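Per our numbering, residue 7 is the first one in the sequence shown, and the count goes up by one each step. What follows is one structure encoded as structure tokens, with my remarks underneath.
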Amino acid sequence: DSPAVTRRPKTPPRRQVAAGGRPLRLGLVIPSFYPATGFGGPIFTSLHTAQALARRGVEVSVVTTNADVGGRLDVDTRRWHDLEPNLRVRYFADTVTDRLSVALLAGIRGALADVDVISVQALFSVPVLAGLAVAAESGRPAVLTPRGALGAWCLEQGLSPSLKRAWLRYLVGPLAGRTVWHATSPAEADEVRLQFPAARVEVVPNGIDVELFREPAALPRGEYLARFLGAADAGGDVPGPVVVSLGRLHEKKGFDILVDAFARFAAERPGALLAIAGPDHGLRPALVERVAARGLAGRAFVLDPLAGRDKVDFLAGADLFALPSHHENFGVVYAEALAAGTPVIASRDTPWQEVELHGAGRWVDATVEAVARAMGEIVAEGPAEMGARGRAWALEAFAWPRIAEQLEAIYRELAGWSPLPGTGRTP
């Protein structure tokens, strides 16, 4: 457990402070935060965003709850926790799991008392409204990151669609009048403007840990199969091609389409293999059953989640990555596959059309026919060459230091601070 953090002194007026040269202070409000990794990608992207900003010298205070999938985090909810220099977290006790924290509502004003800008992440959650309300009543700028919640597919899931429309119109709308929206792709920016036509939207993508991908290990095929699929040895006949996918085992990800597309692709390729890895969100039994029903036993595998070096090597040793998701506001795993040197197949319900511009994969309809055809095209054209092009692009475009610089420039502008050199932004 981290030691308690002494409360900072009250902040002088913003213009005076900016002239004094102290660091920018950012409050990040999010319903759940690391280590609540069961909630998937947004937990990691919010953590890495906060870390990248903190390493630039921004003082980041995260205000969140102890909500976790299926329960609550084992953390002290009575104090601040230092995660690393310039990054501290306050976990308020969750009252109704992932829905309401009375403690957060009571304590959020004090927790955000000395920040310059308030960043609010997610959308259909009470902490989001609380963060926007604090910004509005105090006159401080707010940046709202919906994390894909405004996608057409997502608006139909979870809470009733009519309740979500009412939430946006009667709760978010009045609080977000002067809020700047942060979208992670042009497609997500369009989703924001569809609901809030007059909104100012800044597009800054998510990032990846490029250092982890600097030297991906494309393992020998036999070693790869033994490590990830439990195969003893490939022997003289080296199986392939190997198709992989990563993500929460959830209907949103389109794994049913992927399995059926692979069955069609593999019918003419006896050595082809498919491996899907990710935490189960209710889909695993049906997915395993589907694999068996398509006659893919011993050729298609559903694996446990992978992280760190295991994930990098899993991606780097494959011939192609495919995820025909029904919606992604960004989709970090596509960027990770590209950085590992593996060409990707993304659906048109994701913002990855640029893989075709860079010659690094295919952007296709989320149908069995389109995905199977894309698999064949990539194998025929040469996965290694496509992967090399994608890797060069990803390592440059999605490095966290670059992403953090773009975000800090926006925050400084909104706070009335002097712009970062070379950004062209003025207070």
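Don't be surprised by glycine CBs; every beta carbon is placed ideally from N, CA and C. In this text the structure is predicted, and so the values were computed from the model without any measurement.
- For His188, the enclosing beta strand (DSSP E) begins and ends at 186-189.
- Between the alpha carbons of Ala155 and Leu129 lies a distance of about 6 angstroms.
- Apart from the 5 residues on each side of it in sequence, Val66 sits with its Cβ closer than 7 angstroms to the Cβ of Leu32, Leu34, Ala56, Leu59, Ala60, Asn92, Leu93 in its chain, given in chain order.
- Between Phe327 and Pro211 the beta-carbon gap is near 18 angstroms, outside 8 angstroms, which marks them as no contact.
- Remark: C-beta atoms of Leu89 and Val81 do not approach each other more closely than 8 angstroms.
- Leu181 sits close to Leu135, with the two beta carbons spaced by under 8 angstroms.
- Here DSSP, grouped into helix, strand and coil, assigns Ser52 to helix.
- For Ile114, the three-state secondary structure derived from DSSP is helix.
- Only residues of its own chain outside the window of five on either side were considered, and among them Val374, Val377, Ala378 have a CB closer than 6 angstroms to the CB of Ala267, listed in chain order.
- When C-alpha distances from Met381 are compared across Leu420, Trp423, Leu329, the shortest belongs to Leu329.
- Under the 8 angstroms Cβ criterion, the stretch 357-372 does not count as touching the stretch 313-324, having fewer than three qualifying pairs.
- Using a C-beta cut-off of 8 angstroms, the stretch 178-194 makes no contact with the stretch 388-396, since fewer than three inter-stretch Cβ pairs fall below that distance.
- Annotation for Ala390: the continuous alpha helix (DSSP H) segment containing it runs 389-403.
- When the alpha-carbon of Pro226 is set against those of Val140, Pro247, Leu218, the nearest one is in Pro247.
- The continuous stretches of alpha helix (DSSP H) do not include Ser67, which lies in the beta strand (DSSP E) extending over residues 65-71.
- In this structure, Ala415 keeps its C-beta atom at 8 angstroms or more from the C-beta atom of Pro407.
- DSSP, reduced to helix, strand and coil, places Asp286 within a strand of the structure shown.
- Sorting Gly44, Pro48, Ile36 by C-alpha distance to the C-alpha of Glu334 places Pro48 at the top.
- When only Cα atoms are considered, Ala158 and Val370 end up about 18 angstroms apart.
- Minimum Cα-Cα distance from Leu264 among the listed residues Pro276, Ile282, Ala278, Arg275 corresponds to Ile282.
- Shown here, Phe39 sits in coil according to DSSP, grouped into three states, outside any helix or strand.
- With respect to the 8 angstroms criterion, Gly396 and Val350 are classified as neighbours on the basis of their beta carbons.
- Rounded to whole angstroms, the separation of the alpha carbons of Ala232 and Ala272 is 21 angstroms.
- For Arg115, the closest alpha carbon among the candidates Pro133, Val102, Thr101 is that of Pro133.
- DSSP places Arg408 in the helix class (H, G or I) of the three-state scheme.
- The shortest CA-to-CA distance from Gly145 to any of Pro152, Gly137, Thr151 is the one to Gly137.
- Beta-bridge pairing by DSSP links Val370 to Ser353.
- Beta-bridge partners of Ala328 (DSSP): Ile351.
- When the beta-carbon positions are compared, Ser331 and Lys258 come within less than 8 angstroms of each other.
- Take Ala343, set aside five residues on each side of it, and the residues of its chain with a beta-carbon closer than 6 angstroms to its own are Leu321, Phe327, Val350, in chain order.
- Boundaries of the alpha helix (DSSP H) harbouring Phe320: 314-322, taken from the DSSP string.
- Runs of the beta strand (DSSP E) lying entirely within the stretch 73-127, each at least 3 residues long, are 86-90, 93-98, 123-127 in chain order.
- For Ser251, the uninterrupted beta strand (DSSP E) run begins and ends at 248-252, by DSSP.
- Excluding five sequence positions before and after Gly314, the CB atoms of its chain that fall closer than 8 angstroms to its own CB belong to Leu218, given in chain order.
- Here the alpha carbons of Asp74 and His287 stand approximately 13 angstroms from one another.
- If you ignore the 5 residues before and after Arg206, its C-beta comes within less than 6 angstroms of the C-beta of Val186, all in its own chain and listed in chain order.
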